[in-house]
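The working numbering puts the sequence shown at residues 53 to 151. Positions of the beta carbon are idealized from the N, C-alpha and C atoms, including for glycine. Values in this document were obtained by computation on a predicted structure and should not be read as measured data. Before any comments, here is the structure.
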Amino acid sequence: MANSIQRDKKRRNLVYKYETQRVEYKSLIANRSIPIELRNYYVNKLNKLSRSSSTTRLRNRCIKTGRSRAVYRFCKLSRITMRQLAAQGFIMGLTKTSW
């Protein structure tokens, strides 16, 4: 559990670090007015960047437990953790439904 959280933080730091380079290389590769040799050079530079620095490698995780499935984006908590915290009254505005 703790290892997955640490690995996710490491990946997020890499994505943040190389985000501008990736955008720059991708825009130069997509530019048709640049010669093909220069575009191939930037394709190679993009391929040499760490794979973990890509945004597609990120996975939303619960900030409390590290669970990767059923994580709500607005609070970054899994459904299980959110239910427990709501039952204890720690999340304002959430109440148990009864009719």
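My assumption, with CB atoms under 8 angstroms, is that residue i sits in contact with residue j. Please give the rounded CB distance.
i      : j      : result
Leu129 : Cys114 : 5 angstroms
Tyr70  : Leu101 : 6 angstroms
Going by DSSP, which residues form a beta bridge with residue i?
i      : result
Tyr124 : Leu129
Counting only C-beta atoms, is residue i closer than 8 angstroms to chain B at any point?
i      : result
Lys100 : Reference to chain B is not applicable here, since this structure consists of a single protein chain.
Would you report the Cα separation of residue i and residue j, rounded to the nearest angstrom?
i      : j      : result
Thr108 : Arg63  : 11 angstroms
Val67  : Ser106 : 6 angstroms
Ala82  : Asn65  : 26 angstroms
Ala54  : Ser120 : 12 angstroms
Thr72  : Ser79  : 11 angstroms
Quick check on residue i: buried or exposed, where buried means 16 or more other Cβ atoms within 10 Å of its Cβ?
i      : result
Thr133 : buried
Tyr77  : buried
Val123 : buried
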